[in-house]
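Residue numbers (my numbering): 215 to 365.
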């Protein structure tokens, strides 16, 4: 073999080694890129699931706010009814103390007329029942939201 052929063969061998190293390096990079892409897809999927949970929780919060608003209105109405009843009983007590028999008869007739008979107790009972239902719904929604947040 001539010196020139030896030189060419040495260079050829050197180029083959360099190419082999380059190919190996490219394979490692491609493997890393594929791995990073897979990780990215998993993260996007997790993020989407978490966003759906957040959306569900926001809907439940909206529902809780509605239930809370209804319960608050019910409590306000109950307070007004109790206040009106207290005023009426105070008026009756004042009329009894002052001996105002005619006023007492008129007040008693308005308070215990056949149209009103028993409605005060049934109104209070209905309000208490509605309050219990509202409280139960609120507690249930809070428990559900807490368990979903823990997940």
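Each residue gets a CB set at the ideal place from its N, CA and C atoms; glycine is no exception.
query	result
Per-residue DSSP class, three states only, for residue 312	helix
Helix, strand or coil at residue 292 [DSSP, three-state]	helix
Beta-carbon contacts of residue 352 that lie in its chain and below 6 Å, excluding the five residues immediately before and after	281
CA-to-CA distance, residue 296 to residue 314, given in whole angstroms	24 Å
Where residue 216 falls: helix, strand or coil (DSSP)	coil
Euclidean distance between Cα positions of residue 243 and residue 265	32 Å
Test item: CB-CB of residue 267 and residue 354 under 8 Å	no
Distance between residue 346 and residue 300 (C-alpha atoms, nearest Å)	23 Å
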